[in-house]
Structure formats: structure tokens, C-alpha cells
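UniProt numbering applies: residue 1 is where the sequence shown begins, and numbers increase by one.
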Amino acid sequence: KDELYKDAMETCSESGDGMLTEELLTFFVEQGRRDCFAACLYICYDLVRADVALELAWMHKMLDYVVPYMIQFIREYTNKVDELMKDKYDSLQELRSKSSEDKDMLSKQVCY
């Protein structure tokens, strides 16, 4: 009512409540507040589910306003997947190395 949108976004962010954030995003798209929708995506970034943001933007013809958020989201998750793959590869290499060492020790013991 008082259009204290920035305060509402900051309150959502501090609350850590994802559902409240999604309700606020829904309010912004229903009111046609594209600027507030985009700002809320960044202020409440950790609370927004990407599928919800994309769906709201798509349904209300605001795709241009969600694209920067989606680029950042995809980049973040790509980095996480890359890190997990590297950890898995390193663990596998370590396991193979240990297995090879065990085989070498066993073959040396058999020789004696």
C-alpha cells in the first residue's frame, strides 16, 4: 500500500523464507512491477527457486527481466557441478592409485 517495496524485499531476504519471497515475486508480476521483480531476484537470490522465477517471468511476459538471474544461476550451478566432478575424479584417481599399490605389495609378498 505504501509502496515500500525495497523494505519488503530486504525483509524477505533477512527472513530466509523462500515461500514469502515467492509470494512477493508473484505480487510484483501481478502488479506489473518489472523493476521490482528483477530487483527482488537479486536481493533474495538464495531464496528464489529458478523454476519459479522462470515460470513467473514466462507467464507474465517478463523474460527479459529474468535472464540475468538465470545466467547467474546457471553459472553458479555449472561451477558446483564442475567442482563435484573434479572431486569425484580425484577420489577415483586416489582409489586407483591405492589399489595399484596394494597389488604391487601383494605381488612382492607372493615372490617371497
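Where a beta carbon is used, it is the ideal one built from N, C-alpha and C, also for glycine.
Under three-state DSSP, which class holds residue i?
i	result
lysine 98	helix
valine 48	coil
leucine 84	helix
glutamate 76	helix
leucine 4	coil
With 16 as the cutoff for other CB atoms within 10 Å, does residue i come out buried or exposed?
i	result
residue 120	Because residue 120 is not part of the residues shown, which for the chain are 1 to 112, the question remains open.
isoleucine 43	buried
methionine 9	buried
valine 81	exposed
methionine 62	buried
leucine 95	exposed
To the nearest angstrom, how far is it from the Cα of residue i to the Cα of residue j?
i	j	result
tryptophan 58	glutamine 93	44 Å
valine 60	valine 67	The question names valine, but residue 60 in the sequence shown is histidine. Taking the straight line from one Cα to the other gives about 14 Å.
lysine 88	lysine 98	15 Å
aspartate 17	serine 100	50 Å
valine 29	methionine 85	37 Å
phenylalanine 27	cysteine 40	11 Å
Would you mind reading off the limits of the alpha helix (DSSP H) that contains residue i?
i	result
aspartate 35	34-43
glycine 18	18-30
lysine 61	Careful: lysine 61 lies outside any alpha helix (DSSP H) and carries neither H nor E.
Just confirm the distance between the C-beta atoms of residue i and residue j, as a whole number of angstroms; I'd bet it's less than 8 Å.
i	j	result
glutamate 22	valine 52	5 Å
arginine 34	tyrosine 65	5 Å
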